[in-house]
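Numbering (the working numbering), first residue to last: 131 to 526.
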Amino acid sequence: MNAENPTPPPFNSDPHPLPANIVHKLKVFGTTTAVIILSVIAWGIYSRTQAQTSLKSQADASAATVVAVTTPMPSSDHLDLVLPGNVQAYSEAPIYARTSGYLKRWYVDIGKSVKTNELLAEVDTPEVDAQLRQAKADLATAEANYNLSHTTATRWQSLLASGVVAAQDVDNKVGDAQAKQAEVESARANLSRLEQLESFKRIVAPFDGVITARGTDVGALINAGSANGQELFHIAAINKLRVYVQVPQRYAASIQPGMTAKLHFADRPGKEYTASMANTAKAIDAVNRTLLVELSVENSHHELLPGAYAEVHLTPKSKIETLEVPGNALIFRSEGMLIATVNTDNAVAMKKVQLGRDFGKRVEILSGIEANDRIILNPSDSLFDGAKVRVVTEKN
Numbered sequence: 131m132n133a134e135n136p137t138p139p140p141f142n143s144d145p146h147p148l149p150a151n152i153v154h155k156l157k158v159f160g161t162t163t164a165v166i167i168l169s170v171i172a173w174g175i176y177s178r179t180q181a182q183t184s185l186k187s188q189a190d191a192s193a194a195t196v197v198a199v200t201t202p203m204p205s206s207d208h209l210d211l212v213l214p215g216n217v218q219a220y221s222e223a224p225i226y227a228r229t230s231g232y233l234k235r236w237y238v239d240i241g242k243s244v245k246t247n248e249l250l251a252e253v254d255t256p257e258v259d260a261q262l263r264q265a266k267a268d269l270a271t272a273e274a275n276y277n278l279s280h281t282t283a284t285r286w287q288s289l290l291a292s293g294v295v296a297a298q299d300v301d302n303k304v305g306d307a308q309a310k311q312a313e314v315e316s317a318r319a320n321l322s323r324l325e326q327l328e329s330f331k332r333i334v335a336p337f338d339g340v341i342t343a344r345g346t347d348v349g350a351l352i353n354a355g356s357a358n359g360q361e362l363f364h365i366a367a368i369n370k371l372r373v374y375v376q377v378p379q380r381y382a383a384s385i386q387p388g389m390t391a392k393l394h395f396a397d398r399p400g401k402e403y404t405a406s407m408a409n410t411a412k413a414i415d416a417v418n419r420t421l422l423v424e425l426s427v428e429n430s431h432h433e434l435l436p437g438a439y440a441e442v443h444l445t446p447k448s449k450i451e452t453l454e455v456p457g458n459a460l461i462f463r464s465e466g467m468l469i470a471t472v473n474t475d476n477a478v479a480m481k482k483v484q485l486g487r488d489f490g491k492r493v494e495i496l497s498g499i500e501a502n503d504r505i506i507l508n509p510s511d512s513l514f515d516g517a518k519v520r521v522v523t524e525k526n
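Next up, the structure:
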């Protein structure tokens, strides 16, 4: 029965099963195909992402401002200050009359070199002459009265011992003699005063110098003193000149005794004069914040003129390290002087700076930047803090 009726196969059995090696190959093919499809999909997604990233980078790069940058240079250890100087005579004085009268004669004119006590002019003083004669007569009268009083007092003192005269009368005579002596001294002092006024008829030079002005002429009325009278002459000692310079407070500490300066004058092109430092005010002017410096320059040949303008070149050694940048790196804005720098993220960083000397193409920066800062050249007005930039050129 079993032989005649064999057990039927399972319902879902393949009546014609594939060989095992074919089944294995089919599985490998299906797996490979799935891997390839997934790889293609992943590559497509990656490529699109990369394209989007590249496009965004290109868009950002196109939007960023293109800039050229440079780095600051250290300034020289020695300053080269060029400052305006005011040239003055070493000694200078206006000359007035010390007695009143009329100008009788003058002996020097402008540009004349004179020596101490050299006669400049003479004044005719008839009133003073008359007062002098009267003073001499008054002195003679006072002396005669004193002599008489002194003789009388001496005699009365000799009579006092014999008891002929009273002591009170003797004291009166002695006192009168003393009063007369005081009158003599007064008359003598008045005579001396008038003699001095008489001597002032001769107007003389107070020191060696050059007459730079004459303000009178023969016959002019002369009043004594500077309050009512006019200046007769003006004299200046120009063998040595003083040059006054206002040095900014920033460089005041660099001004030391023994320094020298070079002077240039517009009327002496191509020539240079050496001046030595004489004094400083040792105080900063509270109005303009400068130190007044006095220089001394020899002028024995009278080439230089008092009152002239001088270009003063000072070269003191700087005690403060500073930096220099190109002049086209400066930005002028309402908040002050700025310099645009580029940080490590290629973003703009605005820095407020303090300016020093101007060298033309380059300027000195006293504070506000560092030596390793990357400074933008020719910055546009549209730059602002944090703006992204693209550096294309870096200059040293």
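Built from N, CA and C at the ideal position, the CB exists for glycine as well.
Beta-bridge pairing of residue i - partner residues as DSSP gives them
i              : result
histidine 394  : Glu441
threonine 420  : Pro378
serine 406     : Thr390 and Ser426
tryptophan 286 : DSSP output for tryptophan 286 lists no bridge partner at all.
isoleucine 352 : Gly231
glutamate 454  : Met203 and Glu494
leucine 371    : Ala219 and Val427
serine 243     : Val340
proline 224    : His364
isoleucine 461 : Leu468
isoleucine 414 : Leu421
isoleucine 505 : Thr200 and Thr471
Between the CA atoms of residue j and residue i - distance to the nearest angstrom
i                 : j              : result
arginine 332      : alanine 283    : 44 Å
glutamate 451     : isoleucine 499 : 12 Å
alanine 223       : isoleucine 365 : 6 Å
isoleucine 171    : serine 177     : 10 Å
serine 288        : valine 300     : 9 Å
isoleucine 554    : alanine 164    : Nothing can be reported for residue 554, as the shown portion of the chain is limited to 131 through 526.
isoleucine 250    : glycine 305    : Just to set this straight, residue 250 is leucine in the shown sequence, not isoleucine. Approximately 49 Å, taken between the alpha carbons.
phenylalanine 141 : isoleucine 167 : Bear in mind that a pLDDT of 48 at phenylalanine 141, under 50, signals an unreliable position, so the model cannot answer this.
arginine 463      : aspartate 511  : 9 Å
asparagine 473    : threonine 162  : 52 Å
leucine 269       : alanine 309    : 14 Å
leucine 496       : glycine 466    : 14 Å
asparagine 614    : proline 202    : Since the first residue of the chain shown is 131 and the last is 526, residue 614 is not available in this structure.
asparagine 409    : tryptophan 236 : 38 Å
alanine 416       : valine 244     : 41 Å
asparagine 216    : glycine 400    : 20 Å
glutamine 180     : alanine 194    : 21 Å
alanine 133       : valine 158     : Low confidence applies to alanine 133: its pLDDT is 49, below 50, so where it sits in the model is not reliable, and the reading given next is rough at best. Distance between the alpha carbons of alanine 133 and valine 158 is about 42 Å.
Proximal residues to residue i (C-beta, below 7 Å), its chain only, five neighbours per side dropped
i              : result
methionine 131 : Unreliable positioning characterises methionine 131 in this predicted model, as indicated by a pLDDT of 45, which lies under 50. A coordinate reading is not provided.
glycine 355    : Tyr226
glutamate 248  : Val334 and Ala335
lysine 303     : Thr282, Ala283 and Trp286
Whether residue i touches residue j by CB criterion (8 Å)
i              : j                 : result
isoleucine 461 : proline 387       : no
leucine 324    : tyrosine 232      : no
alanine 274    : leucine 321       : no
alanine 411    : leucine 425       : no
leucine 468    : lysine 482        : yes
glutamine 360  : isoleucine 414    : no
alanine 391    : leucine 444       : yes
valine 238     : tyrosine 276      : no
glutamate 441  : lysine 370        : no
serine 430     : phenylalanine 337 : no
glycine 339    : leucine 362       : no
Beta-carbon proximity list for residue i, same chain, < 8 Å, skipping 5 on both sides
i              : result
proline 446    : His208, Leu209, Leu211, Tyr381, Ser384, Ile385, Gln386 and Met389
alanine 297    : Leu290
glutamate 494  : Ser205, Thr452, Leu453, Glu454, Leu485, Gly486, Arg487 and Asp488
alanine 150    : none
alanine 405    : Val373, Thr390, Ala391, Lys392, Leu393, Leu425, Ser426, Val427 and Val442
asparagine 502 : Thr201
6 Å Cβ shell around residue i - same chain, five flanking residues per side excluded
i             : result
alanine 307   : Ser279, His280 and Ala283
valine 196    : Arg520 and Val522
glutamine 327 : First, the residue type needs correcting, since residue 327 is leucine and not glutamine in the sequence shown. Cβ neighbours of leucine 327 beyond the five flanking positions: Thr229 and Val258.
glutamine 218 : Arg372 and Pro436
leucine 513   : Ala470 and Val478
lysine 242    : Ile341
Nearest neighbour of residue i, chosen from the options [CA to CA]
i                 : options                           : result
threonine 246     : Gln264, Ala367, Thr162 and Val348 : Ala367
methionine 407    : Gln376, Asp397 and Arg398         : Gln376
threonine 271     : Arg372, Pro256, Gly231 and Ser316 : Ser316
alanine 479       : Val427, Lys518, Ala198 and Ala265 : Lys518
serine 205        : Asn216, Arg487 and Val217         : Arg487
phenylalanine 330 : Ala297, Gly345, Asp254 and Pro214 : Asp254
lysine 234        : Gly349, Asp515, Pro202 and Ala438 : Gly349
tyrosine 439      : Met203, Leu213, Val295 and Thr346 : Leu213
histidine 394     : Ala357, Val244 and Leu434         : Leu434
glycine 516       : Asp475, Gln180 and Asn216         : Asp475
alanine 343       : Trp173, Ile240 and Val158         : Ile240
aspartate 347     : Tyr374, Gln180, Phe159 and Glu252 : Glu252
Within-8 Å CB hit, residue i to chain B
i          : result
serine 221 : Looking at the structure shown, chain B is missing, and only one protein chain is on hand.
Contact test: residue i Cβ vs the ligand GTP heavy atom, cutoff 7 Å
i             : result
aspartate 515 : Looking for the ligand GTP in the displayed structure turns up nothing, as the structure carries no ligands at all.
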